[in-house]
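What follows is a set of notes on a single structure, which appears directly below.
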Amino acid sequence: MRLPVPRPRSLAGQLFAVQAVLLTVVVAGYALFTYVSDRSQAEETAGLQAEAVARSVADSPSVREAIRTSDPSTSLQPYAVAVVRDTDVDFVTIMDPRGIRWTHPDPEQIGLPFRGHTAPALEGRTFTETYTGTLGPSVRAVTPVRNGDRIVGLVSAGIRVEEISARVRGQLTALLGVAAGALGLGAVGTYVVNARLRRHTHGMNATELSHMHDYHQAALHAVREGLLMLDGQFRIALINDGGRELLGVARGEDVVGRPVTELALPSPLTGALLDSRPRVDEVHLTADRVLVVNTSPVSGGQRRGSVVTLRDVTELQSLMGELDSERGFTRALRSQAHEAANRLHTVVSLIELGRAQEAVDFATAELELAQALTDQVVAAVREPVLAALLLGKTAQANERGVELVVSPESRLDDGLLPDTLPARDLVTILGNLIDNAVDAAQGGVRPRVTVTALTGEGAEGAADPELTLRVSDTGPGVDPDHAEALFERGFTTKQSGPGGRGLGLALVRQAVGRHGGSLSVTSAEGGGARFEVRLPLRGAVTGGALVRCPGGGA
């Protein structure tokens with residue numbers, strides 16, 4: 340049989356026990372100190388009271404007159420009894436200079452010698468002392484009775500120590516009652532505080548809290564996703580390593596306690612973090628990442644802050660873009676296969692009708708048209724990735740009734756692009772610009788998209804040559820008021836589809852900014868919009884993409 344092992348006391352219980360013991364010790368110590376102090380004060384007060392009574396009796400004229408009689412006790416004894424009754428002292432003894440009593444509370448002691456010291460009083464001084472006489476230990480005062488310059492008697496008044504102790508015990512009883520009340524109130528207050536603490540700590544002891552803190556820290560460093568906690572004033576309460584990496588915060592930079600607005604994040608992302616409403620799987624862009632953001636307010640009756648999780652989907656977004664392109668290629672191939680089948684049926688029918696030469700001429704014309712398109716693209720753009728992209732986009736555009744052409748001035752030889760400019764980013768930039776242009780031109784009169792890709796010297800003062808990508812369309816153009824907002828995530832002038840819109844141009848600006856390039860949008864010569872991207876071909880510099888509005892202004 341296993342013996343039950345007592346569970347360590349919770350942190351709240353330990354604090355309650357410590358506070359209760361401390362409060363008890365403080366109250367008991369104060370009570371003891373007060374008792375000792377009150378006893379000393381009581382003895383001092385009793386001495387002063389006895390001295391005052393003795394002086395009053397010694398200065399009484401009736402006492403002097405009685406001393407001059409042959410039997411002083413006859414008149415002095417009743418007088419002393421009355422003084423004892425009226426002044427709250429235990430005895431008043433009047434005696435001659437030799438110490439023979441004239442008065443005493445016990446009449447049998449009259450005529451006997453006084454027990455105590457009288458020498459200082461015989462010298463003319465009043466003094467107090469604690470002495471054990473016939474009535475027991477007492478605090479007494481002795482003073483001389485003067486008749487002119489002559490001492491004719493002595494007066495002693497005193498209060499028994501037992502009576503002083505009784506007075507102190509009464510005060511001590513009241514003190515103990517107050518101390519018990521203070522201890523009770525302290526215990527109740529301590530219990531209330533620790534009950535609240537117990538709720539906050541969920542009844543865990545100090546060891547469990549320490550372990551939980553260690554697990555908490557380990558989990559924060561182990562989680563690859565970004566975690567950000569904001570307090571009620573939108574200050575950063577906690578940020579893990581993943582959050583620092585995804586938001587571009589240096590590892591050694593202390594941002595805890597700073598407002599989230601000081602992180603210099605893009606405006607849409609900052610707005611999402613400052614919103615008190617929950618956000619679910621929102622896509623936001625930073626300078627070089629695509630993030631999925633989820634926010635959840637901390638419950639508790641009032642705003643206590645929010646918890647933000649961040650996931651990096653930059654690679655996923657790129658792969659989705661490539662998947663969308665592949666789907667477009669598939670649709671284009673399906674359409675081309677359908678058209679090829681129609682042409683093949685035409686050739687077969689011409690042969691069956693005995694018109695072989697016409698069948699050969701028809702097939703040769705189709706082949707020459709396809710080859711001419713391929714030769715045109717490959718001759719202008721020898722970089723294989725971009726050439727393949729342009730051929731695929733041409734087929735997609737033709738399927739949608741839009742003519743996509745490569746301008747004659749295009750010239751991009753293979754091997755010119757440096758390793759710092761990956762093909763994936765070029766596909767993101769040019770592919771999204773072409774898709775946007777095809778969407779804008781579709782449905783218009785003689786819809787057309789013109790693509791220019793060339794390399795040349797950079798702008799004045801630039802040390803590196805530049806890659807220029809220009810896409811023009813015959814669509815309705817761009818409103819100058821929307822030129823800047825056009826590149827914000829979520830902005831679109833088209834109806835939103837199932838997957839949402841407004842991300843393509845934002846990704847273009849992100850990729851351009853990542854390589855230190857510039858991005859501008861102006862009006863095309865024949866109407867429509869013209870997007871132009873300039874990328875340095877060496878020493879890519881991290882920075883924001885410069886967006887130029889129509890008219891040349893930045």
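Adding 339 to a residue's 1-based position in the sequence shown gives its number in our numbering. Quick reminder that beta carbons are idealized off the backbone N, C-alpha and C, glycines included.
Item	Value
Alpha carbon of residue 634 to alpha carbon of residue 357, nearest angstrom	42 Å
Where residue 578 sits in the DSSP three-state scheme	strand
Euclidean distance between Cα positions of residue 386 and residue 466	9 Å
Same chain, Cβ closer than 6 Å to residue 817, five either side skipped, listed in chain order	860, 868
Those residues which DSSP pairs with residue 809 across a bridge	791, 871
Classification of residue 556 by the beta-carbon crowding that lies within 10 angstroms, buried from 16 upward	exposed
Unbroken beta strand (DSSP E) run spanning residue 496, endpoints	489–499
Simplified DSSP assignment, three categories, for residue 553	helix
Residues that DSSP places opposite residue 773 in a beta bridge	Beta-bridge pairing links residue 773 to no other residue.
Cβ contact check for the segment 849–865 and the segment 775–786: 3 or more pairs under 8 Å	no
CA nearest to the CA of residue 623, picked from 793, 552, 844	844
Beta-bridge pairing of residue 636 - partner residues as DSSP gives them	645
Buried versus exposed, by CB contacts within 10 Å (16 or more), residue 393	buried
Inter-stretch contact (C-beta, 8 Å, three-pair minimum) for the segment 429–449 and the segment 389–406	yes
Euclidean distance between Cα positions of residue 553 and residue 652	30 Å
Short Cβ contact (7 Å threshold) for residue 571 with residue 618	no
7 Å Cβ shell around residue 432 - same chain, five flanking residues per side excluded	440, 442, 443, 453, 495
C-beta atoms of residue 565 and residue 581 nearer than 7 Å	yes
Span of the beta strand (DSSP E), counted from its first residue to its last, around residue 424	First-last for residue 424: 411–426, but that is the alpha helix (DSSP H), not the beta strand (DSSP E).
Residue 684 burial status per 10 Å Cβ neighbour count (16 or more: buried)	exposed
For residue 630 and residue 839, the rounded distance between their alpha carbons	Note on residue 839: pLDDT 40, under 50, position unreliable in the model; the coordinate value appears next. The straight-line gap from Cα to Cα measures roughly 16 Å.
Beta strand (DSSP E) runs wholly inside the segment 444–488, at least 3 long, in chain order	466–472, 475–486
C-beta contact flag for residue 780 and residue 813 at 7 Å	yes
Opening and closing residue of the alpha helix (DSSP H) in which residue 608 lies	606–613
Length of the line joining the Cα atoms of residue 462 and residue 388	22 Å
Proximal residues to residue 873 (C-beta, below 6 Å), its chain only, five neighbours per side dropped	805, 807, 856, 857
Buried versus exposed call for residue 380 [16 or more other C-beta atoms within 10 Å across all chains shown]	exposed
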